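First up is the structure itself, then whatever we jot down about it.
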């Protein structure tokens, strides 16, 4: 009788363990399905890294169809078909309007522009030529580049033009 009880107890423990494993697997598959669903819906309304830009200055709208924003504000740009005015929305207010391209930058774009000035023989702006020819490490060059861009936001427009001319 004692042996039968021990066997039943072991069988119950084994069943409980299997139930726990099955529950964990079920939870993981449900979580995976939720994550897949989230990824599907996220792509519809969540901006991508390529579309997120940061305002480099405060901008107070001049025209009725442009957007006011503050320095450092995150903006989603979804139409860059015009050179100087892009369409987008503020991730703070949700307002959608035209955004002056010279007032915003993305980290991805800055990395591409840095790569550009480091790879070409000559850039038109002397300060960028100096950064390029500096003998410091690439990390220091990147830091100096970001500092320069933050000090003079107009530099972004000039660099965009240089890169555009070079890519032609």
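Residue numbers (the UniProt record's numbering): 1 to 168. Glycine residues also receive a C-beta, built at the ideal position from the N, C-alpha and C atoms. From a predicted model like this one, the values you see are computed outputs, not experimental measurements.
Residue i versus residue j: straight-line alpha-carbon distance, rounded
| i | j | result |
| --- | --- | --- |
| residue 43 | residue 7 | Per-residue confidence for residue 43 stands at a pLDDT of 44, beneath the threshold of 50, marking its modelled position as unreliable; the derived number appears in the next sentence. Rounded to whole angstroms, residue 43 to residue 7 spans 54 Å at the Cα level. |
| residue 107 | residue 117 | 15 Å |
| residue 53 | residue 72 | 9 Å |
| residue 57 | residue 140 | 24 Å |
| residue 63 | residue 97 | 10 Å |
| residue 93 | residue 65 | 15 Å |
| residue 115 | residue 155 | 15 Å |
| residue 87 | residue 119 | 30 Å |
| residue 168 | residue 95 | 35 Å |
| residue 148 | residue 142 | 10 Å |
| residue 41 | residue 80 | Because the pLDDT of residue 41 is 48, which lies under 50, any placement of that residue in the model is unreliable, and the number read from its coordinates should be weighed accordingly. Each residue's alpha carbon lies about 24 Å from the other. |
| residue 134 | residue 126 | 12 Å |
| residue 161 | residue 151 | 19 Å |
| residue 121 | residue 61 | 39 Å |
| residue 10 | residue 3 | 11 Å |
CB-CB length for residue i against residue j, believed under 8 Å
| i | j | result |
| --- | --- | --- |
| residue 69 | residue 78 | The Cβ separation is near 15 Å, so there is no contact. |
| residue 51 | residue 67 | Their Cβ separation, rounded to whole angstroms, is 15 Å, which puts residue 51 and residue 67 out of contact at 8 Å. |
Short Cβ contact (9 Å threshold) for residue i with residue j
| i | j | result |
| --- | --- | --- |
| residue 158 | residue 124 | yes |
| residue 163 | residue 112 | yes |
| residue 145 | residue 110 | yes |
| residue 105 | residue 153 | yes |
| residue 75 | residue 49 | no |
Cross-strand partners of residue i (DSSP beta bridge)
| i | result |
| --- | --- |
| residue 54 | 74, 105 |
| residue 69 | 59 |
| residue 186 | It is not possible to answer for residue 186, since the shown part of the chain is limited to 1 through 168. |
| residue 79 | 87 |
heavy atom of the ligand SAH below 8 Å from residue i C-beta
| i | result |
| --- | --- |
| residue 137 | By its list of ligands, the structure shown contains no ligand whatsoever, and the ligand SAH lies outside what it can speak to. |
So does the stretch 90–102 actually touch the stretch 122–136, counting three or more Cβ pairs closer than 8 Å? no
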